[in-house]
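Chemist: For the sequence shown, the numbering used here begins at 510 and goes up steadily by one.
Structure incoming, see below.
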Amino acid sequence: MIERVERLAGRVRISASATGERRQCRACGTASVRVHSRYRRRVADAPISGAPVVIELGVRRFFCEHVSCSKRTFVEQIPQLTSRYARRSLGLARTLAAVGLALAGRAGARLGVRLGLPASRSTLLRLVEQLPDPQVGAVAVLVDDFALRRGHVYGTVRKPRVQRN
Ligand SMILES: [Zn+2]
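Given below as structure tokens:
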């Protein structure tokens with residue numbers, strides 16, 4: 510729930526709180542309604558009209574009441590917005606990773622400042638490294654080269670379509 514939006518010194522601050530009565534424990538999936546404590550965290554989000562955005566977000570720590578769960582408490586995450594320990598929203602991290610993929614570190618960091626996406630070049634590169642590997646489609650033909658003796662006759666092995674289920 511958004512409580513307040515303010516424009517301050519070249520950036521936008523959004524004050525918001527998580528709502529909803531129950532949250533699922535990240536370890537065991539059991540829903541809990543028992544709140545242990547509340548605190549505010551800061552999450553940088555995608556810019557508005559070129560101005561960097563920070564969300565000051567009120568979140569709750571819940572008790573997990575499942576007897577055999579390894580977690581006694583857990584902090585709620587907001588779907589599509591937050592992840593554990595992250596200081597950037599998932600959307601902002603995706604945008605920065607896209608800038609890093611297109612331009613790499615130094616040029617990406619320079620463009621980011623112009624777009625209201627301040628991040629160091631090492632941050633951009635780290636976000637790119639954290640991206641999942643692209644999916645490889647079905648392999649039609651697998652080719653491998655070999656030589657019987659170094660620098661002599663080469664052979665090629667072609668293996669037709671590899672099927673995986
Ligand atoms: Zn649990």
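Note that the Cβ used here is the ideal one computed from N, Cα and C, for glycine as well.
Any heavy atom of ligand 1 closer than 8 Å to the CB of Thr665?
Modeler: Within the sequence shown, the letter at position 156 stands for residue 665. It does not: the Cβ of Thr665 is nowhere closer than 8 Å to a heavy atom of ligand 1.
Chemist: Report the partner residues of Thr665 according to the DSSP bridge assignment.
Modeler: Within the sequence shown, numbered from 1, the residue matching residue 665 stands at position 156. BP columns for Thr665 point to Asp654.
Chemist: Any heavy atom of ligand 1 within a distance shorter than 8 Å of the CB on Gly538?
Modeler: Within the sequence shown, numbered from 1, the residue matching residue 538 stands at position 29. Under cutoff, so the answer is yes.
Chemist: Just the C-alpha distance for Arg598 and Leu590, rounded to the nearest angstrom, thanks.
Modeler: Your numbering for residue 598 matches position 89 in the sequence shown. Your numbering for residue 590 matches position 81 in the sequence shown. Correcting the residue type first, residue 598 is Ser in the shown sequence and not Arg. Distance between the alpha carbons of Ser598 and Leu590: 5 Å.
Chemist: Does the segment 572 to 592 come into contact with the segment 620 to 631, if we say contact requires no fewer than three beta-carbon pairs (one atom in each stretch) closer than 8 Å?
Modeler: No, the segment 572 to 592 does not touch the segment 620 to 631.
Chemist: Just to confirm the assignment, what range does the alpha helix (DSSP H) spanning Arg630 have?
Modeler: In the sequence shown, residue 630 corresponds to position 121, counting from 1. Here the alpha helix (DSSP H) through Arg630 covers 630 to 638.
Chemist: Helix, strand or coil: how does DSSP classify Arg547 here?
Modeler: As a working note, residue 547 is residue 38 in the sequence shown. Three-state result, Arg547: strand.
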